[in-house]
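To keep things clear, I will list the structure first and then write my remarks on it.
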Amino acid sequence: MENSEINLDIEKISSLCKRRGFIFQSSEIYGGLGSTWDYGPLGVELKRNVKDHWWNQMVWERDDIVGLDSSILMHPDTWKASGHLDSFTDPLVECKTCNRRFREDHIDSELILKKSCPEPGCNGELGEARMFHLMFKTFMGPVEDEAAIVYLRPETAQGIFVNFNNVVTSTRKKLPFGIAQIGKAFRNEITTGNFIFRTREFEMMEIEYFVKPGEDEEIHEKWLDDCMKWYESIGINTQKLRIREHDKDELSHYAKSTYDIEYNFPWGWGEIQGIANRTDFDLKSHSEMSGEKLTYFDDQTQEHIIPYVIEPSCGVDRAVMALIIDAYSEESTVQANGKSDTRVVLKLHPNIAPVKVAILPLSRNEKLTPLARNIYDQVRKSSLISGNVQFDDSQSIGRRYRRQDEIGTPLCVTVDFDSLEDNMVTVRERDSMAQTRVLISKLPEIISEKL
């Protein structure tokens, strides 16, 4: 059964994520905190694998990109220079009856004209729109006054721009080159929802790629191709991805052009990455605000230039959500007793699966368990296998197979009573359910080949 045939909704996905330890509602014992989520034991492994795979491909496998980890709290003048203090707002409307608040630009135009509340079952009237600032504000130090105001960063990009000179001086990189960063950002969104798709706290994988003016458009196109290849490398079905160019009236104040990579979620197309041409806006603005020249000396022309910037910016949480939805599959099977059953499988790419291999003793036994434990130690300590290895001896072997299928484990290794005699185990593959008998001594090599 293909995903297109499954009645897949957010409730089904969020239920699986909670049941199997991927994602929990934050502060659940206190009733939860709206639009905040905690990654459980499997979720943190999946998220880490996504970030590591991105870093490997975008930083370590290239010689033109270096990394950075800038602070969440920055000097407030940073946000004046970037334009966030003046323009980082959304239009907010409030219902006079139910008091729900909505982004005006997310409401159907007919309802706006009629000033009708979009909340189902409410016939209330919407008030006048007012601009709502999206940055979280706090205070640094013991006194809460205007001089102590700082903001939680709404994006990771500005930490890269203000460190431009530091990176150029310390690395001696030549144009074109990039600075990559993975980190948290915060936006006080008016409306959130669709599980982890739109939240107030989220993580970004972002690159600011500095180029010579005039070369920006060609390099922008190249980054579109590179980003699409990355999604393909983590197993996302490219038929469910599309590239959409921003209309002129939706471009950010700093952008010459922007493209979104969108995934076809159960509710429709949604952005999972933006690739923007930010021109020289940011470096110019920070130079003017700080008085420091953020320029690059071109050896060929013997001139100081302000580079243009191409920005591939990916939401980690949205990538995780797209991966889980894309991998979700339901397969009808017939049991030995003739009854039909449904096997739920997360067909996650081995590169990012939270558990790479599960070691399963056929039963708890005084001879079988020690052998299975030795095999578990052998596999997880092997230099040939990179990633999380799990030992699972709870419930029947059939239930364990189903549990491992549902969390996306590519391979299961079953240790049975014959293993005590022939020094062999059974390797079961998640997608095909094919089983192969192999020597224990060859197990790490065979697992490495299959992954």
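In the working numbering, the protein residues as written are 2 to 452. Glycine included, C-beta positions come from ideal geometry on N, C-alpha and C. Keep in mind it's a predicted model, so treat the numbers as computed, not measured.
Taking 9 Å as the cut-off, the beta carbon of L421 is found no closer than this to the beta carbon of I448. Excluding five sequence positions before and after C123, the CB atoms of its chain that fall closer than 8 Å to its own CB belong to C96, T98, C99 and R101, given in chain order.
Under the three-state reduction of DSSP, Q274 is assigned to strand. One Cα belongs to V67, the other to I441, and the distance between them is close to 41 Å.
Here D10 is exposed, its C-beta having fewer than 16 other C-beta atoms within 10 Å.
One alpha carbon belongs to L369, the other to A359, and they sit about 16 Å apart. Following the DSSP letters along the chain, one finds I311 inside the beta strand (DSSP E) bounded by residues Y309 to G316. The region 123-140 and the region 55-63 do not touch, with fewer than 3 CB-CB distances between them shorter than 8 Å. Rounded to the nearest angstrom, the gap between the Cα atoms of R431 and K451 is 11 Å. In the structure shown, the three-state DSSP call for E147 is helix.
With respect to V310, T334 sits apart: the two C-beta atoms are not nearer than 9 Å. Between R319 and F203, the C-beta spacing is below 9 Å. Under DSSP, the beta-bridge partners assigned to L347 are Y329. Counting along the chain, no beta strand (DSSP E) covers N375; the unbroken alpha helix (DSSP H) around it starts and ends at L369 to R381. Taking a C-beta distance under 9 Å as the contact criterion, P177 and K230 do not qualify as a contact pair. Rounded to whole angstroms, the gap between the alpha carbons of T343 and T239 is 26 Å. By the 16-neighbour rule on beta-carbons within 10 angstroms, V144 is exposed. Annotation: the region 234-282 contains the following complete segments of the beta strand (DSSP E) (minimum length 3 residues), in chain order: 242-246, 258-266 and 269-280. Contact check for E312 against Y210 passes: the beta carbons are separated by less than 9 Å.
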